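Colleague: My questions will all concern the structure given below.
Protein chains in written order, with our numbering: chain H, 25 to 139; chain U, 53 to 166.
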């Protein structure tokens, strides 16, 4: 299995532009998480999905952030408009069989720089 | 809500030294506990886990024991190597309490010097 695949690995964009981060979870996993990591705040959960349905989006910082999971094999995190304070590494993670306390598998992350 | 507290770093050790990274948790249910490791420029990867009280998780010479009475899951290694330099995260999931998310500590950066 290729693991959780995120794209792009690096993104540099100008303030005000729209940014879309992509994630392909491990096949068969039915829980998907988006995290943001910064030096100041550490690892923050933004949103998670079970069976493609958003369960908790209380970590999404503001309306500029949105996430979708149109099917079991794809999710996007969109920032519109982007701001310099959004610069961070964004991780996607997936888990199998929600309800059995299984571990999550992380992608390599997308390093976002907003200038 | 659930939370994880782990010792603040950074921690710097000489090669072959003994490592302990403390982790305590609060949870409303009966959580499973995890240690993840993040090497520079990479995502988090599972190091070890324990799903019930008194279980010991182990991997690559690292160990941690699920202590329900002290709500702790301390990470230990008898002899660290330079290649162990990374950030270590303690985490829990508490699905028995209806929470499906993974809750992470803030991470502890370990540097091992030759």
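The C-beta atom is built at its ideal place from N, Cα and C for all residues, glycine as well. Just so it is clear, the structure is predicted and the values come from calculations on it, not from any experiment.
1) Say yes only if the C-beta of residue 35 (chain H) is nearer than 8 Å to one or more non-hydrogen atoms of the ligand GDP, and no if none qualify.
2) Would DSSP call residue 78 (chain H) helix, strand or coil?
3) Among H:77, H:30, H:91 and H:102, whose alpha-carbon lies nearest the alpha-carbon of residue 50 (chain H)?
4) For a quick check, are the C-beta atoms of residue 58 (chain U) and residue 157 (chain U) less than 9 Å apart?
5) Provide the residue span of the beta strand (DSSP E) that contains residue 113 (chain H), from first to last.
6) Measuring straight from C-alpha to C-alpha, what distance separates residue 70 (chain H) and residue 102 (chain H)?
7) Counting only C-beta atoms, is residue 152 (chain U) closer than 9 Å to chain H at any point?
8) Report the rounded CA-to-CA distance for residue 109 (chain H) versus residue 105 (chain U), giving the unit in angstroms.
9) Can you confirm whether the region 33-40 of chain H touches the region 50-60 of chain H when touching is taken to mean that 3 or more C-beta pairs between the two stretches lie within less than 8 Å?
10) From which residue to which residue does the beta strand (DSSP E) around residue 109 (chain U) run?
11) Among residues of its own chain, excluding the 5 on either side of residue 105 (chain H), which ones have a beta-carbon nearer than 6 Å to its beta-carbon?
12) Just by C-beta distance, which residues in the region 89-101 of chain U are closer than 9 Å to chain H?
13) For residue 97 (chain H), which residues from the same chain have a beta carbon less than 8 Å from its beta carbon, with the 5 sequence-adjacent residues on both sides left out?
Modeller: In terms of the structure at hand:
1) No copy of the ligand GDP appears in this structure; indeed no ligand is present at all.
2) As a first step, residue 78 (chain H) is located in the first chain; it is residue number 54 there, counting from the start. In the structure shown, residue 78 (chain H) sits in a strand (DSSP, three-state: E or B).
3) For the purposes of this step, residue 50 (chain H) is taken as the residue at position 26 of the first chain. With distances taken between Cα atoms, residue 50 (chain H) lies closest to H:30.
4) Translated into the one-based positions of the second chain, residue 58 (chain U) becomes position 6. Translated into the one-based positions of the second chain, residue 157 (chain U) becomes position 105. Closer than 9 Å, so yes.
5) Position 89 of the first chain, counted from the start, is the residue given in the question as residue 113 (chain H). Segment 112-119, the beta strand (DSSP E) holding residue 113 (chain H).
6) As a position in the first chain, residue 70 (chain H) is number 46, starting the count at 1. As a position in the first chain, residue 102 (chain H) is number 78, starting the count at 1. Spanning the alpha carbons of residue 70 (chain H) and residue 102 (chain H) requires a straight line of approximately 12 Å.
7) Along the second chain, one-based indexing puts residue 152 (chain U) at 100. Yes - at least one Cβ of chain H is within 9 Å of the one on residue 152 (chain U).
8) Locating residue 109 (chain H) in the first chain gives position 85, where the first residue counts as 1. Locating residue 105 (chain U) in the second chain gives position 53, where the first residue counts as 1. Near 41 Å, if we compare the C-alpha coordinates of residue 105 (chain U) and residue 109 (chain H).
9) Fewer than three beta-carbon pairs drawn from the region 50-60 of chain H and the region 33-40 of chain H are found closer than 8 Å, and the two stretches are therefore not classed as touching.
10) Within the second chain, residue 109 (chain U) is the residue found at index 57, counting from 1. Counting along the chain, the beta strand (DSSP E) containing residue 109 (chain U) begins and ends at 108-111.
11) For the purposes of this step, residue 105 (chain H) is taken as the residue at position 81 of the first chain. If we look at residue 105 (chain H) and ignore the five residues flanking it on each side, its Cβ neighbours are 40.
12) Against chain H - using a Cβ distance shorter than 9 Å - the residues of the region 89-101 of chain U are 90, 93, 94, 95, 96, 97, 98 and 101.
13) Taking the first residue of the first chain as position 1, residue 97 (chain H) is located at position 73. Correct list, in chain order: 48, 49 and 51.
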